[in-house]
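K.L.:
Below: one structure in structure tokens.
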Amino acid sequence: MDQKSFKVVIVGGSIAGLSLALMLERNGIDFVILEAYSSIAPQVGASFGALPSGLRILDQLGCYESVLKMAEYPVDKLLFRDSQGQPLWTVNNVKGGSIGSHGYPILFLDRRMLVEVLYEKIQDKSKVITSQRVQSIENGTSSVTVTTTTGETYTGNIVVGADGIHSKVRQEMWKAAEKIVRKIYIEIVLGQFPKRISTLRLFAISPG
Numbered sequence: 001m002d003q004k005s006f007k008v009v010i011v012g013g014s015i016a017g018l019s020l021a022l023m024l025e026r027n028g029i030d031f032v033i034l035e036a037y038s039s040i041a042p043q044v045g046a047s048f049g050a051l052p053s054g055l056r057i058l059d060q061l062g063c064y065e066s067v068l069k070m071a072e073y074p075v076d077k078l079l080f081r082d083s084q085g086q087p088l089w090t091v092n093n094v095k096g097g098s099i100g101s102h103g104y105p106i107l108f109l110d111r112r113m114l115v116e117v118l119y120e121k122i123q124d125k126s127k128v129i130t131s132q133r134v135q136s137i138e139n140g141t142s143s144v145t146v147t148t149t150t151g152e153t154y155t156g157n158i159v160v161g162a163d164g165i166h167s168k169v170r171q172e173m174w175k176a177a178e179k180i181v182r183k184i185y186i187e188i189v190l191g192q193f194p195k196r197i198s199t200l201r202l203f204a205i206s207p208g
């Protein structure tokens, strides 16, 4: 199967989903992003801390300079306090040490800002579809189909869940896994050990 015929359905248009989309686009792999919100980068979430390892990835995706401009300032001092708010110790010259050791500083910025940067770097924005909340996921023999609450269906070779801590993709994975485990158990009990265990075309990435 060549890259053009392989398609990835990404559920979730935030940092993880957009980062993956950029990687796929740069490598000529087809994709579609399904975002539950009505717009990309809504005013939700808190600040985002980017460590050197993460900034290196953003640099590879062509996003580092834009993120650096959006961040108010790189972290240059760390102050540790106890439970009463009293200072314990201080680390100075964090910026210099971080750049010297890893090549990148430590940055903090609004999560929304990073999402905007990632979204702007995607060339074909028609592949980012909003107001598409997942209702169900159905595995086929060689594909997987996502159905949304609006009744739309999207088919690909794999589904990647980047839809956060309350991931619908994760819930669907558990449903599929339970069916397989139940089938294997019944076959073993009946003395019919399964000859082959199918590999699900369903994957998930999320903080939960």
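Taking UniProt numbering, the leading residue of the sequence shown gets 1, the next gets one more, and so forth. Think of the CB as a built atom: it goes at the ideal place given N, C-alpha and C, for glycine as much as any other residue. For clarity, every value in this text was computed on a predicted model and none was experimentally measured.
Short check: CB of SER136 to CB of THR155, under 7 Å?
P.N.:
No.
K.L.:
Give me the DSSP bridge partner(s) of ARG81.
P.N.:
In the DSSP output, where bridge partners are listed per residue, ARG81 has PRO87.
K.L.:
For the alpha helix (DSSP H) that LYS121 lies in, which residues bound it at each end?
P.N.:
Note, LYS121: alpha helix (DSSP H), 111-121.
K.L.:
Beta-carbon within less than 7 Å of LEU20's beta-carbon, same chain only, minus the 5 sequence neighbours each way: which residues are those?
P.N.:
Correct list, in chain order: ILE10, VAL160, ALA162.
K.L.:
For the alpha helix (DSSP H) containing ALA21, name the first residue and the last one.
P.N.:
15-26 is the span of the alpha helix (DSSP H), which, as asked, contains ALA21.
K.L.:
From ASN92 to SER101, what distance separates their C-alpha atoms?
P.N.:
Looking at the two C-alpha atoms, the distance is approximately 15 Å.
K.L.:
Residues in the same chain with beta-carbon distance under 7 Å from SER66, minus the five sequence neighbours each way, listed in chain order, please.
P.N.:
Counting only Cβ-Cβ distances below 7 Å, and skipping sequence neighbours, we find VAL117.
K.L.:
Give me the Cβ distance between VAL146 and LEU34, rounded to the nearest whole Å; I'm assuming they're in contact under 8 Å.
P.N.:
Indeed, because the Cβ distance is near 7 Å, the residues count as touching under 8 Å.
K.L.:
What do you get for residue 218, buried or exposed, if any count of 16 or more other CB atoms within 10 angstroms of its CB means buried?
P.N.:
In this structure the chain extends from 1 to 208, so residue 218 is not present and cannot be described.
K.L.:
Output the distance between the C-alpha atoms of GLY140 and ALA176, rounded to the nearest integer angstrom.
P.N.:
Their Cα atoms are separated by approximately 12 Å.
K.L.:
Contact check, VAL128 vs GLY54 under 8 Å by CB: the rounded distance?
P.N.:
Wrong, their Cβ atoms sit about 22 Å apart, outside the cutoff.
K.L.:
Based on Cα-Cα distance, which residue from VAL32, ILE15, MET23 lies nearest to LYS7?
P.N.:
Per the Cα distances, VAL32.
K.L.:
Let me make sure I understand the geometry here. Which of GLY96, THR153, VAL134 has the alpha-carbon closest to that of VAL169?
P.N.:
Here the closest residue by C-alpha is VAL134.
K.L.:
Rank LEU114, ILE99, ASN27, SER126 by C-alpha distance to the C-alpha of PRO74 and give the top, closest one.
P.N.:
Closest option to PRO74, Cα to Cα, is ILE99.
K.L.:
Would you mind stating whether MET70 and MET23 have Cβ atoms separated by less than 7 Å?
P.N.:
No. Outside cutoff.
K.L.:
If you drop the 5 nearest sequence neighbours on each side, which residues of the same chain put their C-beta closer than 8 Å to that of THR153?
P.N.:
Closer than 8 Å at Cβ, skipping near neighbours: THR145, VAL146, THR147.
K.L.:
Nearest CA to the CA of SER38: which residue from GLN132, LYS125, GLY97?
P.N.:
Among GLN132, LYS125, GLY97, the Cα nearest to that of SER38 belongs to GLN132.
K.L.:
Distance check for THR90 and MET173, CA to CA, integer angstroms please.
P.N.:
Whole-angstrom Cα-Cα distance: 45 Å.
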